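Residues in the sequence shown are numbered from 76 upward in steps of one, following this note's numbering. Even for Gly, the Cβ is constructed at its ideal location relative to N, Cα and C. No experiment lies behind these values; they were computed from the predicted model shown. Take a look at the structure below.
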Amino acid sequence: MFYYLEGKVALIENGLAVIDINGAGYALRASARTLSSLTVGSVSRLYVYNYVREDAFELYGFSELSEKRRFELLLTVSGIGTRVALAILSSVDAAGLAIAIASGDERVLTGVPGIGKKLAARVILELKDKMAKDSGLSAQAGAFSSSAFPNPGQKAEEAALALAALGYTPGEVAGILRKLDVNALTVEELIRQALAE
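Pasting the structure below:
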């Protein structure tokens, strides 16, 4: 299986990039965000998700490893396939997705083609549950918020859970949130600033 492919960008089409590696062209489906980061003729590295089924072998490419992790996380939701997961990543940035999940805002997801109200609710419910169970992060979020911040509370924990949904480890989350003024920022601002770190 491929972890990443690095080579010259030979072609960019709607939803597809072709990477030339020593004369062989690898077609990778990609989000609009990844495609916008590529330039034909430049050398680029794309992290690869290998989609293998009885009737299909497709490669999905991501300019950032964090985007690949979000894609894989979305695929764990029942009813979300590769096409819809790419549509979400094309329409909603990392912070927007994390905020929508943390706050339960279905409107962010229903704005994505192919996602109705029921599927949006399922994405939020299942990913919130996964975040809460993710290696005890919920308990750790409460522990580090009470020890590191003067007014611990829901904001630090919600931000921590949202960052976990994006693939951050509990240690990374704690380190990032300790650098921020949790009391002065909203959950959305915390998430956006954490992603900028």
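| query | Is there contact between the stretch 149 to 164 and the stretch 175 to 190, where contact requires at least three CB pairs shorter than 8 angstroms? | reply | The answer is yes - the stretch 175 to 190 touches the stretch 149 to 164, with three or more Cβ pairs under 8 angstroms.
| message | What does DSSP give as the partner residue(s) for residue 122 in the beta ladder? | response | According to DSSP, residue 122 bridges with 79 and 137.
| message | For a quick check, are the C-beta atoms of residue 123 and residue 78 less than 8 angstroms apart? | response | In terms of Cβ geometry, residue 123 and residue 78 form a close pair [threshold 8 angstroms].
| field | Nearest to residue 199 (by Cα), restricted to the options 161, 229, 151 and 231 | value | Nearest to residue 199 by C-alpha distance, out of 161, 229, 151 and 231, is 151.
| So which of 186, 81 and 229 has the shortest CA-CA distance to residue 163? | Of 186, 81 and 229, the residue nearest in Cα terms is 186.
| task | Please check the pair residue 105 and residue 135, which I expect to be a contact at CB under 8 angstroms, by giving their CB distance rounded to whole angstroms. | result | Approximately 7 angstroms separates the beta-carbon atoms of residue 105 and residue 135; this is inside 8 angstroms, confirming the contact.
| said: Within the continuous beta strand (DSSP E) that includes residue 103, where are the two ends? | reply: That run of the beta strand (DSSP E) goes 99 to 104.
| field | For residue 85, three-class secondary structure by DSSP | value | Secondary structure at residue 85: strand, using DSSP grouped into helix, strand and coil.
| field | Nearest-angstrom Cα separation, counted from residue 178 out to residue 276 | value | Nothing can be reported for residue 276, as the shown portion of the chain is limited to 76 through 272.
| field | Secondary structure of residue 176, DSSP reduced to three states | value | Helix at residue 176.
| said: Taking the beta carbon of residue 181 as the centre, do at least 16 other beta carbons fall within 10 Å, making it buried, or is it exposed? | reply: Residue environment analysis places residue 181 among the buried positions, since at least 16 neighbouring C-beta atoms fall within 10 angstroms of its C-beta.
| beta strand (DSSP E) containing residue 164: first to last residue? | Where residue 164 is concerned, there is no enclosing beta strand (DSSP E), although the alpha helix (DSSP H) it sits in stretches over 157 to 166.
| request: Enumerate in chain order the residues of its own chain whose CB-to-CB distance from residue 149 is below 7 angstroms, with the five nearest sequence positions on each side excluded. | output: Around residue 149: 155, 160 and 163.
| query | Exposed or buried, which one is residue 257 when buried takes at least 16 other CB atoms within 10 Å? | reply | By the neighbour-count rule (16 or more Cβ atoms within 10 Å), residue 257 is buried.
| request: Mind checking which residues open and close the alpha helix (DSSP H) that includes residue 266? | output: Residue 266 -> alpha helix (DSSP H) spans 262 to 271.
| message | Using a 10 Å radius around the Cβ and a threshold of 16 neighbouring Cβ atoms, would you call residue 140 buried or exposed? | response | Classification of residue 140: exposed, given that the 10 Å Cβ count is below 16.
| task | Please name the residue, chosen from 231, 165 and 252, that lies closest to residue 138 on a Cα-to-Cα basis. | result | Comparing Cα positions, the closest option is 165.
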